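Notes follow once the structure below has been shown.
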Amino acid sequence: MNWQPGTVLELIEQTARTKSIVFDVPGWSRHRAGQHVDVRLTAEDGYQAQRSYSIASAPEDRHIELTVERIDDGEVSPFLADELLPGDEIELRGPIGGYFAWEEAPETPVFLVGGGSGIVPLRAMLRHHRATASAVPVRLLYSARSLDDVIYRHELTAADAGDVRLTLTRRQPAGWTGYGRRVDRELAADVCWPAAERPLVYVCGPTGFVEAVAGALVSLGHDPARIRTERFGPTGGETP
Amino acid sequence: MTRITRGFHGRRRPDVDPARVPPGQYVTQDFPVLSAGPTPHGSLENWSFTIRGQVDQPHTWTWDEFQALPHETVTRDIHCVTKWSKLDTVWTGVSLDALLEGVETGAEYVTAFSDGGYTTNLPLEDLTGGRAWIAFAYDDEPLAPEHGGPARLLVPHLYFWKSAKWVRGLELQLEDEPGFWEGYGYHNYGDPWREQRYAGD
């Protein structure tokens, strides 16, 4: 798997802390929704930094899109979110991974649970679901601190967004009819299909969030082998 | 061919000796958690560690028998394929040399297996010579479940996915067989100093 140059086509501010970067990557090998990509930056003196990012675009989308959350004391994310301009080139390598990936197949329902920027690979799955006109029932439960923190807000709240449920854990706008608390056992039971229907579950978010959600689903009788997880951040990271 | 990234200078850390950081890695103070599924929570009463497969006879230790083996505390740097490295981590465990002592085998390969179904493959040689442990404590505390407790394999000279969490035993084999991540395109051996992240590296 070689490093390939990707040219920045567009930068889209998603929230105050996150930005989507759309790349043209000639010769990109088709990815599966949920996979990630390695990014490499090289300074003039040859110093390099690498990071991994989930791919936000569906395999059917024309370009590769990443969505990066700015970590204030980070080395790579502030550069990607604040310094990059259309026309810039960075190196990419991928696609990588394959377990936390979903490919359209006439199977059991698919339940996606995202916390904060953990929405990114799930958004690729939702777009893949739509692009393939899949008949598989898919449902997203997305936990964010407030409506302003919802990444892909317009896409996820559009009339044709599909079965998307939001929970806003810190602040809810006036007249909010969605959920307003952290994803606990009760909320998971409310939103997820019963364990007997054997949904395929993907959970992505900070470590504390994923531990809580996956633990709740196991306690509700879901088979651990049907729950795929992707965690980021340190132990006990803040729950969105 | 490497391309210069316009405007990127990097943030080199003056407090980190670059000679201790493998290519493409960065040093973190955190201890990130990466697992493919839910964290298993088993009881120590039902825990055992087994060496089986190409052996004269399977060897099994209960938690108490395992704890009666000599303990070692080691300080090692660890390197995750997702790019973070953590320096001077302190682990306590039982050396694989001690566990493999008295095990008769013609095997050259090992599949480590875990609660939750995770597996990873290694050459048997990499588990010997004071290079691998079954660790049950981190920083003098019982190993937390999300970090692989009650016990995980510790093979710090390879990328950390080889250090299987929730490990329950080793299958000794004549033939090498890819484990969980190795079957999803990750490198079969995983030497961080040769940056063997993915198949073909």
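Protein chains in written order, with our numbering: chain A, 1 to 240; chain P, 241 to 441. Virtual Cβ for every residue (Gly too), placed ideally from N, Cα, C. None of these values were measured; they are calculated from a predicted model.
Proximal chain P residues relative to residue i, where beta-carbon distance stays under 7 Å
| i | result |
| --- | --- |
| V218(A) | P278 |
| S52(A) | T322 and K323 |
C-beta neighbour in chain P for residue i, strict 9 Å
| i | result |
| --- | --- |
| M125(A) | no |
| F23(A) | no |
| F111(A) | no |
| M1(A) | yes |
| R40(A) | yes |
| P224(A) | yes |
Residue i: contacting residues in chain A (beta-carbon distance under 8 Å)
| i | result |
| --- | --- |
| S275(P) | T229 and R231 |
| P254(P) | Here the premise fails: no neighbours, minimum Cβ distance about 13 Å. |
Expected contact under 8 Å - CB spacing of residue i and residue j to nearest Å
| i | j | result |
| --- | --- | --- |
| E186(A) | C204(A) | Their Cβ separation, rounded to whole angstroms, is 21 Å, which puts E186(A) and C204(A) out of contact at 8 Å. |
| A394(P) | V350(P) | The displayed chain sequence assigns Leu, not Ala, to residue 394(P). At roughly 14 Å, the Cβ-Cβ gap does not stay under 8 Å, so L394(P) and V350(P) are not in contact. |
| L112(A) | V138(A) | 7 Å |
| L249(A) | V183(A) | This structure does not reach residue 249(A), given that chain A is present from 1 up to 240, and the question cannot be answered. |
| K405(P) | G388(P) | 3 Å |
Proximity to residue i [Cα-Cα], best of the options
| i | options | result |
| --- | --- | --- |
| V120(A) | S134(A), R181(A), S52(A) and T169(A) | S52(A) |
| R228(A) | G389(P), E417(P), V350(P) and G357(P) | G357(P) |
| V201(A) | E107(A), I21(A) and S20(A) | E107(A) |
| D255(P) | F248(P), Y266(P) and R246(P) | Y266(P) |
| A225(A) | D270(P), T279(P), D257(P) and W303(P) | T279(P) |
| P310(P) | Y426(P), N428(P), W373(P) and H427(P) | W373(P) |
| D304(P) | G388(P), V334(P) and S403(P) | V334(P) |
| S288(P) | K402(P), R392(P), Y399(P) and V343(P) | R392(P) |
| E211(A) | A384(P), D379(P) and L284(P) | A384(P) |
| L339(P) | N361(P), R316(P), R371(P) and T359(P) | R371(P) |
Proximal chain A residues relative to residue i, where beta-carbon distance stays under 7 Å
| i | result |
| --- | --- |
| P250(P) | One detail in the question is off: residue 250(P) reads as Gly in this sequence, not Pro. Correct list: A43, Y47, A49 and E75. |
| R243(P) | P5, T42, E89 and E91 |
| G247(P) | E83 |
Interface flag, residue i vs chain A, CB-CB below 9 Å
| i | result |
| --- | --- |
| D431(P) | no |
| G388(P) | no |
| V420(P) | Checking the sequence shown, residue 420(P) turns out to be Phe, not Val. It does: the Cβ of F420(P) has a partner Cβ on chain A nearer than 9 Å. |
| A259(P) | no |
| R434(P) | no |
| Y424(P) | yes |
Contacts that residue i makes with chain P (C-beta to C-beta distance below 9 Å)
| i | result |
| --- | --- |
| G116(A) | Those within 9 Å of G116(A) in chain P number zero; the least Cβ separation is about 15 Å. |
Interface residues of chain P facing residue i [CB-CB closer than 8 Å]
| i | result |
| --- | --- |
| T207(A) | P272, V273 and E386 |
Interface residues of chain A facing residue i [CB-CB closer than 9 Å]
| i | result |
| --- | --- |
| G264(P) | D38, R40, Q48, A49 and Q50 |
Short of 7 Å Cβ to Cβ, which residues in the segment 307-331 of chain P face chain A? Hits within the stretch, in order: T322 and K323.
Where the segment 350-382 of chain P meets chain A: residues whose CB sits under 7 Å from a CB there: G356 and G357
Given a limit of 7 Å on CB to CB distance, which residues of the segment 67-96 of chain A reach chain P? E75, F79, E83, D88, E89, I90, E91 and I96
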